[in-house]
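Peer 1:
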Amino acid sequence: MSELKHVKDRVIVSIDIDSKNWHTFESGLKIRRLRQYNNLDRKYTEPVNATVISAENIPGGVDILLHPNEIHDSNKIFNYIPLSGNETSSSVKYYSIHVEQCFIFFDENKWKPLKGFATALRVFKPYSGMIAGIKPLQIKDVLYITSGEYKGKIMNTLRSCDYEIIFQAEDGREKRIIRCRTYENENHDREELICVRNDLTEQLEEGELLIGIEISDCKTLKEMYV
Numbered sequence: 051m052s053e054l055k056h057v058k059d060r061v062i063v064s065i066d067i068d069s070k071n072w073h074t075f076e077s078g079l080k081i082r083r084l085r086q087y088n089n090l091d092r093k094y095t096e097p098v099n100a101t102v103i104s105a106e107n108i109p110g111g112v113d114i115l116l117h118p119n120e121i122h123d124s125n126k127i128f129n130y131i132p133l134s135g136n137e138t139s140s141s142v143k144y145y146s147i148h149v150e151q152c153f154i155f156f157d158e159n160k161w162k163p164l165k166g167f168a169t170a171l172r173v174f175k176p177y178s179g180m181i182a183g184i185k186p187l188q189i190k191d192v193l194y195i196t197s198g199e200y201k202g203k204i205m206n207t208l209r210s211c212d213y214e215i216i217f218q219a220e221d222g223r224e225k226r227i228i229r230c231r232t233y234e235n236e237n238h239d240r241e242e243l244i245c246v247r248n249d250l251t252e253q254l255e256e257g258e259l260l261i262g263i264e265i266s267d268c269k270t271l272k273e274m275y276v
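Going by this note's numbering, the sequence shown wraps up at 276, each residue one higher than the last.
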């Protein structure tokens, strides 16, 4: 698709709009799961995986994760090749997405956030009382940053900034990444990181706090990066 070229602040991608409706088990068995009928949250139901065709500062051919609301006819490329029966029936479509709605791309065997974003984990405080089976409690509006300028720090954020990306991994199973907006040394009205929490960072390093995507998978810092 070399005839498709991006314009300023746009990323040309191809998307298999049916990809999120499949799940692959460890045995290799692949089943179809229709998400659109039991959930109104588009993060769960709509595809976010795409392949870069043309972009500025993003290698062509890499996987990229984008906002699910961008899979819309207003961004769709309809006339890139003469239509045929095979093309109109294919689940692979082409879109021109604004770069601010593209979050993370996969390169050199790891996920790398694009400019304006950082990856993160939620922070949890374990129960320390006498009753067994009490789950950890999430500390609201703080994140442990895993990329960029503040990597390795717990940060205060604006309210509800732990945006969760739900995507299909290479093994055909659902995976999740948390991203937040940060512009590091630039002033920007969409900055979401407020300040470094040295006290919480120290507690995490001492094993007193847990990090993870959700309560079921949270661990100590040493267990997370063993």
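Glycine included, every Cβ here is placed at the ideal spot set by N, Cα and C.
1. Which runs of the alpha helix (DSSP H) spanning at least 4 residues fall entirely within the region 96 to 146, listed in chain order?
2. Bridge partners for residue 206 per DSSP, in chain order?
3. Give a yes or no on contact between the region 60 to 69 and the region 90 to 106, applying the rule of three or more CB pairs nearer than 8 Å.
4. Out of curiosity, what's the CA-to-CA distance linking residue 222 and residue 183?
5. When you compare the CB positions of residue 204 and residue 243, do they come within less than 8 Å of one another, or not?
6. Is there a C-beta anywhere in chain B that falls below 8 Å from the one on residue 91?
7. Once the 5 residues before and after residue 138 are set aside, which same chain residues still bring their CB inside 6 Å of it?
8. State the start and end residues of the unbroken alpha helix (DSSP H) segment that holds residue 220.
9. Does the distance from the CB of residue 212 to the CB of residue 168 come in under 8 Å?
Peer 2: The short version:
1. 135 to 139
2. Locating residue 206 in the sequence shown gives position 156, where the first residue counts as 1. The partner list for residue 206 (beta bridge, DSSP) reads 192 and 245.
3. yes
4. Position 172 of the sequence shown holds residue 222. Position 133 of the sequence shown holds residue 183. Straight-line Cα distance between these residues: approximately 33 Å.
5. Taking the first residue of the sequence shown as 1, we reach residue 204 at position 154. Taking the first residue of the sequence shown as 1, we reach residue 243 at position 193. Contact check for residue 204 against residue 243 fails: the beta carbons are separated by 8 Å or more.
6. Absent from the structure is chain B; it holds one protein chain and no more.
7. As a first step, residue 138 must be located in the sequence shown, where it is residue number 88. Model confidence at residue 138 stands at a pLDDT of 48, short of 50, so the residue's coordinates are unreliable; what they give is reported in the following sentence. Cβ neighbours of residue 138 beyond the five flanking positions: none.
8. As a first step, residue 220 is located in the sequence shown; it is residue number 170 there, counting from the start. Premise fails: residue 220 is in no alpha helix (DSSP H) and is neither H nor E.
9. For the purposes of this step, residue 212 is taken as the residue at position 162 of the sequence shown. For the purposes of this step, residue 168 is taken as the residue at position 118 of the sequence shown. Contact: no.
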